[in-house]
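The structure appears right after this line, and notes come after that.
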Amino acid sequence: MVPDIHGCSHFLEWVEARFPDRSLILLGDLLYRGPDSRAALRRALGWAESGRATLLWGNHEHWVCTEGLNLTGRARTAWFREHEAEVVAQYEAAGDDLNAFITDLERFRALARPYVVEGPMLCAHAARPSLGAHADDLLDTGYLWDTPDMGLHPLPTHLHPALTYSVHGHKPQREPVVDLHGEGVVYLDLGSASTGRFGVWDAQSRSIHLYDES
Numbered sequence: 001m002v003p004d005i006h007g008c009s010h011f012l013e014w015v016e017a018r019f020p021d022r023s024l025i026l027l028g029d030l031l032y033r034g035p036d037s038r039a040a041l042r043r044a045l046g047w048a049e050s051g052r053a054t055l056l057w058g059n060h061e062h063w064v065c066t067e068g069l070n071l072t073g074r075a076r077t078a079w080f081r082e083h084e085a086e087v088v089a090q091y092e093a094a095g096d097d098l099n100a101f102i103t104d105l106e107r108f109r110a111l112a113r114p115y116v117v118e119g120p121m122l123c124a125h126a127a128r129p130s131l132g133a134h135a136d137d138l139l140d141t142g143y144l145w146d147t148p149d150m151g152l153h154p155l156p157t158h159l160h161p162a163l164t165y166s167v168h169g170h171k172p173q174r175e176p177v178v179d180l181h182g183e184g185v186v187y188l189d190l191g192s193a194s195t196g197r198f199g200v201w202d203a204q205s206r207s208i209h210l211y212d213e214s
């Protein structure tokens, strides 16, 4: 499980080197803050389109896609140049343009999921989704925005009886939080774009792997 990249594509390069043959789940927030959102998004899309990775919505991708992509013509161009100027500049510096960024976002929108369940583990960007009578019945958007201090929705064991824990990014922590036998939760985001510290969750060994630029 790979938490918030925020434009730091070198963290994905480290994941590739450390886990060359593993399936990956990317917990969202690939864009913004770091030096190369274009490279991060392109690598993630390549993994997903080859079947190697599952992409989950982050709050940032959700905002960009619902606010920006839903516009058309000059209004869309103006929105991206005002609100995503940093990422647009990264695309242009690499010889691409705004249309290439929009195309990549459309690819992301077609692939991304709000959450994923694998055996005893649920993964979602910020928090557990609140689900109704079926798997696609999302009752709110807390899975994109909630923080640990708000508490957790119950695991949706009415739909997935084997669930025992969940994994999230979104809210930076000083250290990874692993509480499998209390609340049954793992929080991975270490504010990596500013701290240079990055951690992923290995579901096979149920352990954290850390990368520290210092």
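Numbering-wise, the sequence shown is residues 1 to 214 according to full-length UniProt numbering.
Quick reminder that beta carbons are idealized off the backbone N, C-alpha and C, glycines included.
From a predicted model like this one, the values you see are computed outputs, not experimental measurements.
Of the residues the options, the one placed nearest residue i, counting alpha carbons only
i      : options                        : result
GLY51  : GLU67, ASN99, LEU24            : LEU24
GLU206 : MET121, ALA78, CYS65, HIS83    : The amino acid occupying residue 206 in the given sequence is Arg; Glu does not appear at that position. That would be MET121, whose Cα lies nearest to the Cα of ARG206.
PRO35  : TYR91, ALA124, THR77, PHE19    : TYR91
VAL87  : THR147, THR72, ASP104          : ASP104
PHE108 : GLY196, SER9, LEU30            : LEU30
PHE101 : VAL186, VAL116, ARG76          : ARG76
SER194 : ASP212, LEU45, ALA162          : ASP212
LEU159 : ALA126, GLY119, HIS125, MET150 : GLY119
GLY184 : ALA203, THR164, VAL200         : THR164
ARG42  : ASP21, HIS10, ARG22            : HIS10
THR147 : ARG197, HIS168, GLY196, LEU12  : HIS168
ALA44  : ARG33, VAL177, LEU26           : LEU26
CYS65  : GLU49, HIS134, LEU111          : LEU111
HIS83  : TRP63, GLU13, GLY196           : TRP63
TRP14  : GLY73, PHE80, PHE198           : PHE198
THR141 : MET150, SER130, TYR32, GLY73   : SER130
ARG33  : GLY196, ASP137, ALA203, ASP136 : GLY196
GLN204 : LEU12, PHE19, ILE5             : PHE19
GLU49  : ASP137, GLU106, ILE5           : GLU106
Buried/exposed call for residue i, threshold 16 Cβ in 10 Å
i           : result
ALA85       : exposed
SER37       : buried
GLU61       : buried
SER214      : exposed
ALA94       : exposed
LEU139      : exposed
residue 248 : Not covered by the structure: residue 248. The range shown for the chain is 1 to 214.
LEU210      : exposed
PRO161      : exposed
ALA124      : buried
GLY182      : exposed
residue 217 : Because the chain here runs from 1 to 214, residue 217 falls outside it and cannot be looked at.
GLY46       : exposed
ALA89       : exposed
ALA17       : exposed
Integer-rounded CB distance, given that residue j should sit under 8 Å from residue i
i      : j      : result
LEU144 : ASN59  : 4 Å
ALA40  : GLY68  : So it is not a contact: roughly 18 Å between Cβ atoms.
LEU56  : PRO114 : 7 Å
LEU152 : ALA127 : 6 Å
MET1   : VAL178 : 12 Å between Cβ atoms; not a contact.
VAL116 : THR54  : 5 Å
SER166 : LEU155 : 6 Å
Chain C contact for residue i (CB, 7 Å cutoff)
i      : result
HIS181 : Of the chains in the structure shown, none is chain C; there is only one protein chain.
Please give the ranges of any alpha helix (DSSP H) in the segment 14-72, keeping only runs that are unbroken, at least 4 residues long and fully inside the region.
Listed in chain order, they are 37-49, 59-63.
Please list the segments of the beta strand (DSSP E) lying wholly inside the segment 128-209, counting only runs of 3 or more residues, in order along the chain.
At a cut-off of 3 residues, the continuous stretches assigned as beta strand (DSSP E) that sit fully inside the segment 128-209 are 165-168, 177-179, 185-187, 197-202.
Per the contact definition of three or more C-beta pairs closer than 8 Å, is the segment 170-180 in contact with the segment 188-201?
Yes: the two stretches touch, three or more of their Cβ pairs being nearer than 8 Å.
Ignoring anything shorter than 3 residues, give me the beta strand (DSSP E) runs that lie fully in the segment 92-127, in order along the chain.
DSSP runs (the beta strand (DSSP E)) wholly in the segment 92-127: 115-118, 121-124.
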